[in-house]
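K.L.:
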Amino acid sequence: MSQQVIARPVIIRVKCPVCGEQTEVTVSSEDFQNALSGIVRIPIQHQHPTPHLIIIDIDRYGFIRGAYIYRRVIQPTKIPVGEAIDVLGIEKTTYLLYYLLRYEKLRLAGKREIVDKAKLLIHVVGETTKIGESKNVINIDKIKKPRATIQPLRQIVLQSLRLETDDAKAEWIKGEYRRLKDGLKELENVFETRKSWTLDELLKSLKTGINKDELRLLLDIIEDRGYKVSKRIKNAEYKIKGLFG
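In the working numbering, the protein residues as written are 2 to 246.
#1: Along the chain, where does the alpha helix (DSSP H) containing Glu187 start, and where does it finish?
#2: Cutting at 8 angstroms between CB atoms, please list the residues of its own chain near His1, excluding the five before and the five after it.
#3: Would you kindly work out how many angstroms separate the C-alpha atoms of Ile141 and Gln4, rounded to a whole number?
#4: Of the residues Val11, Ser38, Ile234, which one's Cα is nearest the Cα of Ile211?
#5: How about the segment 94-109 and the segment 70-81: do they share at least three Cβ pairs that are nearer than 8 angstroms?
#6: Quick one: give me the first and last residue of the alpha helix (DSSP H) that Arg103 is part of.
#7: Check whether the Cβ atoms of Arg61 and Val15 sit closer than 7 angstroms, and answer yes or no.
#8: Do the CB positions of Pro10 and Thr27 come within less than 7 angstroms of each other?
#9: Taking the beta carbon of Ser231 as the centre, do at least 16 other beta carbons fall within 10 Å, making it buried, or is it exposed?
#10: Measure the C-alpha to C-alpha separation of Arg42 and Thr129 and round it to an integer number of angstroms.
#11: Identify which residue in Ser30, Leu181, Glu193 has its Cα closest to the Cα of Thr209.
#12: Quick one: is Lys93 buried, meaning 16 or more other Cβ sit within 10 Å of its Cβ, or exposed?
#13: Between the segment 88-102 and the segment 154-168, do at least 3 Cβ pairs fall closer than 8 angstroms?
#14: Mark Glu148 as exposed unless 16 or more other C-beta atoms lie within 10 angstroms of its C-beta, in which case mark it buried.
#15: What does the Cβ neighbour count give for Val125, buried or exposed, with the cut at 16 atoms within 10 Å?
#16: On the three-state DSSP scale, how would you describe Gln5?
#17: Short check: CB of Leu164 to CB of Gln46, under 7 angstroms?
#18: Please state whether the Cβ-Cβ distance between Thr194 and Asn236 is less than 7 angstroms.
#19: Using DSSP's beta-bridge definition, name the partner residues of Lys235.
#20: Excluding the five sequence neighbours on either side, which residues of its own chain have a C-beta within less than 7 angstroms of the C-beta of Ile123, listed in chain order?
#21: Would you mind sorting Tyr99 into buried or exposed? The rule is 16 or more other CB atoms within 10 Å of its CB.
#22: Just tell me which of Arg233, Leu219, Lys229 has its CA closest to the CA of Tyr104.
#23: Looking at Lys118 and Ala85, is the spacing between their C-beta atoms short of 7 angstroms?
#24: Identify whether Gly243 lies in helix, strand or coil by the three-state DSSP scheme.
#25: Less than 8 angstroms between the CB atoms is what I'm expecting for Thr150 and Arg217, so what's the real figure, rounded?
#26: Name the two residues that bound the continuous alpha helix (DSSP H) containing Ala119.
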């Protein structure tokens with residue numbers, strides 16, 4: 002494949018490291034609209050010998066940068082994940098994931114049907130204990146767009162649409178959310194030190210597997226939590242709040 006940025010849909014072939022099945026994945030320029038660093042994570046669902054998930058990382062030129070076993074076994078769920086996302090919509094689902102990462106406690110408000118669908122997704126990511134009495138009120142009907150680099154979260158939601166079953170959607174969203182939550186916890190521990198870093202240095206210091214887009218998201222969150230992030234990052238071009246809109 003030539004060194005040309007993907008401008009029209011292309012088909013990428015990948016062999017599953019679990020079952021050996023050859024899969025064709027269609028990738029278009031739209032997939033990279035929320036991948037600022039130029040690499041998109043795509044989940045692939047296979048049914049045999051048991052339902053499992055793999056992930057491939059594809060760059061904007063159409064090259065496979067990695068293929069990973071994500072879940073050797075997909076756990077079944079009774080939660081209608083796809084329906085919940087359909088009712089909430091891509092943007093509200095994205096914003097909800099952000100606020101779940103941002104706050105330790107939340108109180109939900111809004112129309113009952115919408116709130117109930119939000120609670121289903123909250124259950125998927127394992128954050129039901131965060132919901133209760135709190136000064137942090139999120140009105141799902143009128144949920145506000147966060148002033149943060151939310152593209153990685155939108156990417157998670159959009160890529161879930163590739164998956165056929167609610168079981169697979171739940172595994173993907175839960176796994177990606179937990180990876181970001183682990184990264185957030187690690188990043189906060191790092192910021193307890195007095196060091197300063199470039200973004201690349203900071204990324205290399207983290208054991209959690211996150212990319213630069215995700216790092217910007219997590220930095221926005223801990224800035225909101227009171228850390229003086231902007232003063233600790235050496236990159237002159239770094240601006241914390243929604244730099245990329």
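Here a beta-carbon is modelled for each residue, glycine too, at the ideal position from N, C-alpha and C.
P.N.:
Quick look at the numbers:
#1: Residue 187 sits at position 186 when you count from the first residue of the sequence shown. It spans 167-192 - the alpha helix (DSSP H) in which Glu187 sits, taken as one unbroken run.
#2: In this structure the chain extends from 2 to 246, so residue 1 is not present and cannot be described.
#3: Sequence index remark: in the sequence shown, residue 141 carries index 140 (1-based). Sequence index remark: in the sequence shown, residue 4 carries index 3 (1-based). Roughly 43 angstroms separates the two Cα atoms.
#4: Mapped onto the sequence shown, residue 211 falls at position 210. Out of Val11, Ser38, Ile234, Ser38 has the C-alpha closest to the C-alpha of Ile211.
#5: no
#6: Indexing the sequence shown from 1 puts residue 103 at position 102. Per DSSP, Arg103 belongs to the alpha helix (DSSP H) from 91-103.
#7: Within the sequence shown, the letter at position 60 stands for residue 61. Within the sequence shown, the letter at position 14 stands for residue 15. No, these two residues do not count as a Cβ contact at 7 angstroms.
#8: Counting from one through the sequence shown, the residue named residue 10 turns up at place 9. Counting from one through the sequence shown, the residue named residue 27 turns up at place 26. Yes, these two residues count as a Cβ contact at 7 angstroms.
#9: Position 230 of the sequence shown, counting from 1, holds the residue named residue 231. It counts as exposed.
#10: The sequence position of residue 42 within the sequence shown is 41, counting from 1. The sequence position of residue 129 within the sequence shown is 128, counting from 1. Arg42 and Thr129: Cα-Cα distance of roughly 27 angstroms.
#11: Against the sequence shown, residue 209 aligns to sequence position 208. For the residues Ser30, Leu181, Glu193, the minimum Cα distance to Thr209 belongs to Leu181.
#12: The residue you call residue 93 lines up with position 92 of the sequence shown. Classification of Lys93: buried, given that the 10 Å Cβ count is 16 or more.
#13: yes
#14: For the purposes of this step, residue 148 is taken as the residue at position 147 of the sequence shown. In the sequence as displayed, the identity of residue 148 is Arg instead of Glu. It is exposed - the Cβ of Arg148 has fewer than 16 other Cβ atoms within 10 Å.
#15: On the sequence shown, position 124 is the one that residue 125 refers to. By the 10 Å Cβ count, Val125 comes out buried.
#16: Counted from its first residue, the sequence shown places residue 5 at position 4. Gln5 falls in the coil class under three-state DSSP.
#17: For the purposes of this step, residue 164 is identified with residue 163 of the sequence shown, where counting begins at 1. For the purposes of this step, residue 46 is identified with residue 45 of the sequence shown, where counting begins at 1. Taking 7 angstroms as the Cβ cut-off, Leu164 and Gln46 qualify as a contacting pair.
#18: By one-based count along the sequence shown, residue 194 stands at place 193. By one-based count along the sequence shown, residue 236 stands at place 235. Cβ atoms of Thr194 and Asn236: not closer than 7 angstroms.
#19: Position 234 of the sequence shown holds residue 235. Looking at the DSSP assignment, Lys235 forms no beta bridge with any residue, so it has no partner.
#20: Residue 123 sits at position 122 when you count from the first residue of the sequence shown. So the qualifying residues of the chain are Leu101, Thr129, Ile132.
#21: By 1-based counting over the sequence shown, the position of residue 99 is 98. Flag for Tyr99 reads buried.
#22: Locating residue 104 in the sequence shown gives position 103, counting from the first residue. Per the Cα distances, Leu219.
#23: Residue 85 sits at position 84 when you count from the first residue of the sequence shown. Residue 118 sits at position 117 when you count from the first residue of the sequence shown. Result yes, Cβ atoms of Ala85 and Lys118 sit closer than 7 angstroms.
#24: Looking up residue 243 in the sequence shown gives position 242. Confidence at Gly243 is low in this model, with a pLDDT of 40, below 50, so its placement is unreliable and no value can be given for it.
#25: Stepping through the sequence shown from its first residue, residue 150 is reached at position 149. Stepping through the sequence shown from its first residue, residue 217 is reached at position 216. At roughly 4 angstroms, the Cβ-Cβ gap stays under 8 angstroms, so Thr150 and Arg217 are in contact.
#26: On the sequence shown, residue 119 is found 118 positions in, with the first residue counted as 1. Start and end: 113-125.
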